[in-house]
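Notes for the one structure printed next.
2 protein chains.
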Amino acid sequence: MSATKNEPRVPTRLPAARRRRQLLEVALRVFAEKGYHDASMNDIAVAAGVTKPVLYQHFTSKRELFTELLGDVGRDLQDNITKAVAAANGPREMVELGFASYFSYVSRHRDAFKLFYGGGLARDAEFAELVGQVERTIAGHVATLIEIAGLSPSQRQVLGHGIVGMIEGASIHWLNSNSDADPATLAQQLADLAWRGLRGVTP
Amino acid sequence: MSATKNEPRVPTRLPAARRRRQLLEVALRVFAEKGYHDASMNDIAVAAGVTKPVLYQHFTSKRELFTELLGDVGRDLQDNITKAVAAANGPREMVELGFASYFSYVSRHRDAFKLFYGGGLARDAEFAELVGQVERTIAGHVATLIEIAGLSPSQRQVLGHGIVGMIEGASIHWLNSNSDADPATLAQQLADLAWRGLRGVTP
DNA sequence: CCCGGGTGTTACCGTGAGGTAACTCGTATG
DNA sequence: CATACGAGTTACCTCACGGTAACACCCGGG
Chain L
1 MSATKNEPRV PTRLPAARRR RQLLEVALRV FAEKGYHDAS MNDIAVAAGV TKPVLYQHFT
61 SKRELFTELL GDVGRDLQDN ITKAVAAANG PREMVELGFA SYFSYVSRHR DAFKLFYGGG
121 LARDAEFAEL VGQVERTIAG HVATLIEIAG LSPSQRQVLG HGIVGMIEGA SIHWLNSNSD
181 ADPATLAQQL ADLAWRGLRG VTP
Chain U
1 MSATKNEPRV PTRLPAARRR RQLLEVALRV FAEKGYHDAS MNDIAVAAGV TKPVLYQHFT
61 SKRELFTELL GDVGRDLQDN ITKAVAAANG PREMVELGFA SYFSYVSRHR DAFKLFYGGG
121 LARDAEFAEL VGQVERTIAG HVATLIEIAG LSPSQRQVLG HGIVGMIEGA SIHWLNSNSD
181 ADPATLAQQL ADLAWRGLRG VTP
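Structural data, given as structure tokens:
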């Protein structure tokens, strides 16, 4: 029995499953920081303390790696929101809880959010679809909450996307300004703005 | 006097100034369609019926070309909005006119808008600054219109960015869904939503 | 003791993009 | 008609990136 039993000198040489998870974590960080185009597979490999071919042992291509991350993040975000909203009593609470869960998610997973909003995703059909799915779902739910009269379904949908854009825009600015403001407070104020409008009469 | 006097057989070989303007127009189209990364200088040259070095006779680099376009579009958009808003009487009309001018601009200059929202601009410091300047300015104006009480300046700014994101999100969805809806109607409804909120009580 | 499988590395290829040097060609002017 | 200038082209360089083949190394089981 040698002295190097449970304590490898440097934690290289991981079992495949662990390595894969590590690579996903690292790739998320690197993609979030540099964006899809500017992050090279080499960057990711080096950041993981490993070389490129190891990456290709676990993922067949850069696209596939990114797609998997994007899908995971999208599902995660959407699950968080739908679960939070399901606990609401009435539309106003749906808005409050929905906003709160969104900001909570963003504040806890900044890298994941940056992946979602950040890159040239809009240009790539596959990537855009993954993001669009989530946005469409949220926008659709929001659309049912709009109480303005005389709107066609497609008009409601556009306005729903407007609210989604409002959340995204506020989130992006919030992250970029490195504000340490409480995400719950922010969500509360934004939900207030969405619900009562700019004119903000007190109920 | 030869027969080829004022009617060159094919309008190649333009004087420098005209060529430059044509290249800017074509580059705007190509960048809007394919995004900054996926549009190559060759693409632009070919689309202009010309070869790459001609492009480099007028612009020292791809970045410079894109930066010039981005700056032009930003100035143009901002000018349109500020001029429209200047004619308003009171905050509600500011919102209405501001939204209307934004959507009017987007509908008239789709390529310009796609350039602005579309690419990996957020990752690139210089590009992000050009876009951010416009967004910050608009968000700042909007922030002064929020009548919710008890907000700090930075909180107002975040909410202002929320409204800007709302306009952008709605615009993007509007363009992507190839809706033939009237931009003025859309602006009206979105302004309504922003002003009165989701709950949309009629005044 | 050695040997097999799986983990990782070095070194490489092909491609496509930004960018440039050197040449050609049309045209206006004396 | 000659010539000079400026618009355009061909052909190339360099470099970084996605992706891969072939080899090296470690460790558990007969």
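These protein sequence lines map, in sequence, to chains L and U. Residue numbers for the first sequence follow our numbering, so the first one is 1 and each next one is one higher. Residue numbers for the second sequence follow our numbering, so the first one is 1 and each next one is one higher. Virtual Cβ for every residue (Gly too), placed ideally from N, Cα, C. Keep in mind it's a predicted model, so treat the numbers as computed, not measured.
Its chain contains TRP174 as the residues whose beta carbon lies nearer than 8 Å to that of L/ALA181, once the 5 sequence neighbours on both sides are disregarded; these appear in chain order. The residue among U/LEU115, U/GLN155, U/THR82 with its C-alpha nearest the C-alpha of L/ASP192 is U/GLN155. Short of 6 Å from the beta carbon of L/ASN89, and not among the five residues preceding or following it, lies no beta carbon of its own chain. By the CB criterion at 8 Å, U/GLY71 and U/LEU130 fall inside the cutoff. The beta carbons of L/TYR117 and L/LEU77 sit no closer together than 8 Å.
Proximity of U/HIS37 to chain L, defined by a Cβ-Cβ separation below 8 Å, is satisfied.
L/THR144 sits in coil when the DSSP states are folded into three classes, being neither helix nor strand.
Using a Cβ distance threshold of 8 Å, U/PHE66 and U/PHE31 count as a contacting pair. By the Cβ neighbour-count rule, U/GLN157 is buried, with 16 or more other Cβ atoms within 10 Å of its own. At a C-beta separation below 9 Å, U/SER154 has these neighbours in chain L: SER177, SER179, ALA181.
Within chain L, not a single residue places a beta-carbon under 9 Å from that of U/ILE81; the smallest gap is close to 16 Å. For L/PHE31, the enclosing alpha helix (DSSP H) starts and ends at 16-38. Here U/ALA143 has ARG156, GLN157, LEU159, GLY160 as same chain residues with Cβ atoms under 7 Å from its own Cβ, once five neighbours each way along the sequence are excluded. Taking 7 Å as the upper bound on Cβ-Cβ separation, chain L lies near residues LEU186, GLN189, LEU190, ASP192, LEU193, ALA194, TRP195, ARG196 of the stretch 185-196 of chain U.
Under a 10 Å Cβ-count criterion, L/LYS83 is classified as exposed, with fewer than 16 other Cβ atoms of the shown protein chains found around its own Cβ.
Taking 8 Å as the cut-off, the beta carbon of L/ARG196 is found closer than this to the beta carbon of U/GLY197. The continuous alpha helix (DSSP H) containing U/ASN80 extends over residues 62-86. Under the three-state reduction of DSSP output, L/LEU121 falls in the helix class. U/ILE163 reaches chain L at MET166, counting residues in chain order whose Cβ is nearer than 7 Å. Looking only at L/GLU33, L/GLN133, L/GLU68, the smallest Cα-Cα distance to L/ARG110 is reached by L/GLU33. Here DSSP, grouped into helix, strand and coil, assigns U/PHE99 to helix. The residue from L/ALA47, L/ALA194, L/HIS37, L/PRO15 with its alpha-carbon nearest to that of L/ARG123 is L/HIS37. Pairing L/ALA125 with L/ARG63, the inter-Cα distance amounts to about 12 Å. At a cut-off of 8 Å between beta-carbon atoms, U/GLY98 makes no contact with chain L.
When Cβ-Cβ separations below 8 Å define contact, U/ARG123 makes contact with chain L. L/THR12 and L/TYR56 have their C-alpha atoms roughly 17 Å apart.
Not flagged as an interface residue toward chain U: L/GLY140, since no C-beta distance is shorter than 8 Å.
In the structure shown, U/ASN178 falls within a coil segment according to DSSP collapsed to helix, strand and coil. Around the Cβ of U/PRO183, a 10 Å sphere holds 16 or more other Cβ atoms; the residue is buried.
At a Cβ-Cβ threshold of 8 Å, L/PHE113 and L/SER171 count as neighbours. The C-beta distance from L/PHE103 to L/ALA187 rounds to 4 Å, short enough to fall under 8 Å. Between U/SER101 and U/ILE81, the C-beta gap is smaller than 8 Å, which places the two residues in contact. For U/GLY169, the nearest beta carbon of chain L is closer than 8 Å to its own beta carbon. Neighbours of U/LYS62 in chain L, taken as residues at a C-beta separation under 7 Å, are lacking, since the least C-beta distance is about 14 Å.
The beta carbon of L/ILE146 sits closer than 8 Å to the beta carbons of ARG156, LEU159, GLY160 from its chain, once the five residues preceding and following it are set aside; these are given in chain order.
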